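Worksheet: one structure, shown below.
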Amino acid sequence: MRTYYLFIDKEYCILKVFENLQMALEPGIKYNQIKEHIILPPYILIESIYKDECLKNKINAELSAMGYDKSFTILKPLVNEVCMLEEE
Numbered sequence: 000m001r002t003y004y005l006f007i008d009k010e011y012c013i014l015k016v017f018e019n020l021q022m023a024l025e026p027g028i029k030y031n032q033i034k035e036h037i038i039l040p041p042y043i044l045i046e047s048i049y050k051d052e053c054l055k056n057k058i059n060a061e062l063s064a065m066g067y068d069k070s071f072t073i074l075k076p077l078v079n080e081v082c083m084l085e086e087e
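In this text, residue positions in the sequence shown follow numbering that gives the first Met the number 0: the first is 0, and each later residue adds one.
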């Protein structure tokens, strides 16, 4: 499974969107949790077997079904884990 971040429009309550997506029970997509970040707006952590355009289309269908009519962004993390480099 691949990890993705789902960012939604700030006008919508991310908690309600998250709860609705979890109830959708789309096979192959797991909506894990809402993550907070110091710089970024809150986002939904997703794990999915789907890639890129297919994932975007499936999430778009779920969001449209719940009446979400704003833009959203799906990003892939650049790294899987953070490691500290020691200074020489």
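Backbone N, C-alpha and C fix where the C-beta goes; we use that ideal spot for every residue, glycine too. All values derive from a computational prediction rather than experimental measurement.
Proximal residues to residue i (C-beta, below 8 Å), its chain only, five neighbours per side dropped
i	result
PRO40	PHE6, LYS9
Residue i to residue j span [Cα, whole Å]
i	j	result
SER47	GLY27	5 Å
SER63	LYS34	23 Å
LYS50	GLU61	16 Å
GLU18	TYR11	13 Å
ASN59	LEU77	23 Å
LYS15	TYR67	11 Å
Cut-off 7 Å between Cβ atoms - residues of its own chain near residue i, not counting five sequence neighbours on either side
i	result
GLN21	TYR30
TYR42	TYR4, LEU5, PHE6, LYS34
Residue span of the beta strand (DSSP E) that contains residue i, given as start and end
i	result
ILE13	Element bounds for ILE13: not the beta strand (DSSP E) but the alpha helix (DSSP H), 13 to 23.
SER47	42 to 47
LYS69	Per DSSP, LYS69 belongs to no beta strand (DSSP E) and is neither H nor E.
Where the alpha helix (DSSP H) through residue i begins and ends
i	result
ILE7	Premise fails: ILE7 lies in the beta strand (DSSP E), 1 to 7, not in any alpha helix (DSSP H).
ILE58	51 to 64
Rounded Cβ spacing between residue i and residue j (contact assumed at less than 8 Å)
i	j	result
ILE73	LYS55	6 Å
Close beta carbons around residue i, own chain, < 6 Å, minus the five adjacent residues each side
i	result
PHE71	ILE7
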